[in-house]
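Positions 0 to 291 (numbering that gives the first Met the number 0) are the ones given, in order, by the sequence shown.
Cβ atoms here follow ideal geometry from the backbone N, Cα and C, with glycine treated the same way.
Remember, predicted model here, so these are calculated numbers, not experimental data.
A quick write-up on the structure given underneath.
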Amino acid sequence: MLIVSGPASPILARRVADAMRTDVVQLEHKAFPDGETYIRFPESVSGKQIAVVQSCYPPQNKNFVDLLFVLDAAREMGAKDVAAIVPYFAYARQDDTYRSGEAVSARTSARLIEAAGASHFLTVDAPSSKALQFFKIHSKNLTCMNLVGAYLKTRSLENPYVLAPDDGAIPLAQTVSSNLGTEYAWFEKLRDKVTGAVSTSGKDVNLKGRDAIIVDDVISTGKTIANTAQIAKKQGAKRVIAACAHLILTGDAERTLKTAGVDETIGTDSIETRPQPVSIAPVIAEALREIW
Ligand code: R5P
Numbered sequence: 000m001l002i003v004s005g006p007a008s009p010i011l012a013r014r015v016a017d018a019m020r021t022d023v024v025q026l027e028h029k030a031f032p033d034g035e036t037y038i039r040f041p042e043s044v045s046g047k048q049i050a051v052v053q054s055c056y057p058p059q060n061k062n063f064v065d066l067l068f069v070l071d072a073a074r075e076m077g078a079k080d081v082a083a084i085v086p087y088f089a090y091a092r093q094d095d096t097y098r099s100g101e102a103v104s105a106r107t108s109a110r111l112i113e114a115a116g117a118s119h120f121l122t123v124d125a126p127s128s129k130a131l132q133f134f135k136i137h138s139k140n141l142t143c144m145n146l147v148g149a150y151l152k153t154r155s156l157e158n159p160y161v162l163a164p165d166d167g168a169i170p171l172a173q174t175v176s177s178n179l180g181t182e183y184a185w186f187e188k189l190r191d192k193v194t195g196a197v198s199t200s201g202k203d204v205n206l207k208g209r210d211a212i213i214v215d216d217v218i219s220t221g222k223t224i225a226n227t228a229q230i231a232k233k234q235g236a237k238r239v240i241a242a243c244a245h246l247i248l249t250g251d252a253e254r255t256l257k258t259a260g261v262d263e264t265i266g267t268d269s270i271e272t273r274p275q276p277v278s279i280a281p282v283i284a285e286a287l288r289e290i291w
């Protein structure tokens, strides 16, 4: 079995290979002057089981197309079985037609990944697990929240209290809070379907003098976390730490979070644009061992 390092995930691919005690195939890749991608396998993967690690964080479109090129090239070379490991599943959020005429981009993505030759699809803390229903191949939504919880446990936290910024994040908050042996609560979030604006209503939780740990799958614009952080601060939180699987931080996100009182953000190597303290390699390796 070989791990193929997709252009977006060289660090994670290396870590997964180390955890699996196997080798990494380093692809040759470059961008042509007009932005088109060139990909080449420098060695044959004919007859091999291969796991292509390629997280589809921004620029999503480029990273997604690169993933398709790698999967298709592997199949054409005669790989025996191909797993697409896509920790950040871009477009998963659009998992249905919420306004008539909308493209269901999660469905299109699933169809393309299958058509390119994957026989397994693994992702991590997908923003919508419903998005996986579009795959006919074996697919699984893994969680890295035990790893996030284990990391937080190594930190000196002041009587931590875990918060989910919306109901979708409840299972994540449950996992982290059970690692920390502490309580959790969740807030209600509403998102305007047209503008994308989010509003949050908090629960009456006494956070006086405590560290609030807000957990979510993705932090993108930071607005979801910022709303929760503001409420947590008003309710007396001493420190606010935001932890997630996919720390994207789009546009002004860092300023938005800081202004709202977020003291620290914690992410994973799902997103390689900046180093993060948690590696999701162990959960991917464990899932691969179950397949092969
Ligand atoms: C969707 O509801 C997800 O679980 C996240 O809460 C959301 O994607 C975060 O996005 P943002 O940081 O832009 O508020």
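(request) Please list, in chain order, all residues of the same chain as D94 whose beta carbon is under 6 Å from its beta carbon, the five residues on each side excluded. (result) Apart from sequence neighbours up to five positions away, the residues of its chain that approach D94 with a beta-carbon distance below 6 Å are A105, S127, K129 and A130, ordered along the chain.
(message) I need the DSSP call for Y150, collapsed to helix, strand or coil.
(response) helix
(request) Tell me whether V193 counts as near ligand 1, meaning its Cβ is closer than 8 Å to at least one heavy atom of that ligand. (result) no
(request) Following the continuous beta strand (DSSP E) through S219, name the residue where it begins and the one where it ends. (result) Premise fails: S219 is in no beta strand (DSSP E) and is neither H nor E.
(request) Identify which residue in I247, G208, L206 and S4 has its Cα closest to the Cα of K222. (result) I247
(message) Going by DSSP, what residue range makes up the alpha helix (DSSP H) through V15?
(response) P9 to M19
(message) Suppose you measure from the CA of R110 to the CA of F186; what does that come to, to the nearest Å?
(response) 34 Å
(request) Return yes when at least one heavy atom of ligand 1 lies under 8 Å from the C-beta of I212, else no. (result) no
(request) Please classify H137: is it buried, with 16 or more other beta-carbons within 10 angstroms of its beta-carbon, or exposed? (result) exposed
(message) According to DSSP, simplified to helix, strand and coil, what is T36?
(response) strand
(request) Quick one: give me the first and last residue of the beta strand (DSSP E) that L189 is part of. (result) L189 -> beta strand (DSSP E) spans E187 to R190.
(message) For N226, count the other beta carbons within 10 Å of its own beta carbon; 16 or more makes it buried, fewer makes it exposed. Which is it?
(response) Counting Cβ neighbours within 10 Å, N226 comes out buried, since at least 16 surround it.
(request) Indicate the three-state DSSP secondary structure (helix, strand or coil) for I112 in the structure shown. (result) helix
(message) Taking the beta carbon of V15 as the centre, do at least 16 other beta carbons fall within 10 Å, making it buried, or is it exposed?
(response) buried
(request) State yes or no: is the C-beta of K202 nearer than 8 Å to some heavy atom of ligand 1? (result) no
(request) Inspect the beta-carbon positions of H245 and I270 and report whether they are closer than 9 Å. (result) yes
(message) So, does the segment 229-244 touch the segment 258-265, judging by three or more C-beta pairs under 8 Å?
(response) yes
(request) Would you check if the distance between the CB atom of V282 and the CB atom of L146 is smaller than 9 Å? (result) At the C-beta level, V282 and L146 come within 9 Å of one another.
(request) State whether the segment 44-55 contacts the segment 77-90, with contact taken as three or more CB pairs (one from each stretch) at a distance under 8 Å. (result) yes
(request) Use the C-beta contact count for L189: other C-beta atoms within 10 angstroms, 16 or more gives buried, fewer gives exposed. (result) exposed
(message) Quick check on DSSP: helix, strand or coil for A125?
(response) If DSSP states are grouped into helix, strand and coil, A125 belongs with coil.
(message) If you follow the alpha helix (DSSP H) that Q59 is in, where does it begin and where does it stop?
(response) Q59 to E75
(request) Quickly, what does DSSP pair A184 with across the bridge? List them, please. (result) L162
(request) Report yes if the C-beta of R190 is less than 8 Å from at least one heavy atom of ligand 1; otherwise report no. (result) yes
(request) Counting only the same chain and skipping the five closest in sequence on each side, list residues whose C-beta sits under 8 Å from that of L70. (result) V51, V81, A83, I112, A115, G116 and A117
(message) Mapping the DSSP letters down to three states, classify T258 as helix, strand or coil.
(response) helix
(message) Using C-beta distances below 6 Å, list every residue in its chain close to P6, excluding the 5 sequence neighbours before and after it, in chain order.
(response) H28 and D65
(message) Contact defined as beta carbons within less than 8 Å: I believe M144 pairs with L162. What is the distance between those atoms, to the nearest angstrom?
(response) About 14 Å separates the two Cβ atoms, so there is no contact after all.
(message) Between which residues of its own chain and P9 is the CB-CB distance below 8 Å, once the five residues before and five after are set aside?
(response) Q25 and E271
(request) Put Q132 into one of helix, strand or coil per three-state DSSP. (result) helix
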